[in-house]
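This report refers to the structure that appears directly beneath it.
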Amino acid sequence: MSQYKFVNLLDKPELMNSAAEWFYNKWGVPKEAYQECMENYLNGTTCYGWYLCLYNEKIIAGLGVIENDFHDRKDLAPNVCAVYTEEAHRNQGIAGRLLDIVVKDMKNKGITPIYLVTDHTSFYERYGWEFLCMVQGDNEPELTRMYIHR
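Going left to right, the sequence shown walks through residues 103 to 252 as my numbering numbers them.
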């Protein structure tokens, strides 16, 4: 794990544009939406953050925290979003470490609980997340799983 560098975007604001591009390429959400969220974080408009894992100074994993991750339960906020690890770097604990970092950071800011939506059925439980309920995703025909970390 020592070859990986875990960073908060606040510590590396120069990565904002490349991070927005990276997340866009993974999830298809417009790059401008990521940039707006990241700018709000960097200028202090929100304390919800963006977290990255670098390998040889290249982004290979990341996630963010936003108010709502495109679902109908607007009362369940904030949400961890855009969790992704490049395939070549999976199964090494990177996503788990990022999740632990974000949980700790949010708790340090007095923000708890936090939520996330996912189709995964067992991954997040390994890191202290609990299944909470099913939610309806925006423009999604099927319900998706919502988890909570207290």
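The beta carbon of each residue, even a glycine, is placed where N, CA and C say it ideally should be. Since this is a predicted model, take the numbers as computed values, not measurements.
Exposure label - residue i; buried when at least 16 CB within 10 Å
{"i": "residue 190", "result": "exposed"}
{"i": "residue 187", "result": "buried"}
{"i": "residue 251", "result": "buried"}
{"i": "residue 130", "result": "exposed"}
{"i": "residue 173", "result": "buried"}
{"i": "residue 248", "result": "buried"}
{"i": "residue 140", "result": "buried"}
Test item: CB-CB of residue i and residue j under 8 angstroms
{"i": "residue 151", "j": "residue 202", "result": "no"}
{"i": "residue 171", "j": "residue 200", "result": "no"}
{"i": "residue 143", "j": "residue 133", "result": "no"}
{"i": "residue 111", "j": "residue 121", "result": "yes"}
{"i": "residue 212", "j": "residue 184", "result": "no"}
Alpha carbon of residue i to alpha carbon of residue j, nearest angstrom
{"i": "residue 181", "j": "residue 216", "result": "6 angstroms"}
Beta-bridge partners of residue i, as assigned by DSSP
{"i": "residue 239", "result": "173"}
{"i": "residue 119", "result": "Paired residues: none, contrary to the question."}
Taking the runs of the beta strand (DSSP E) that are 3 residues or longer, which of them lie wholly in the segment 121 to 177?
152 to 157 and 160 to 168
Considering only residues of the segment 178 to 224, which uninterrupted alpha helix (DSSP H) runs meet the minimum length of 4 residues and lie entirely inside it, listed in chain order?
196 to 210
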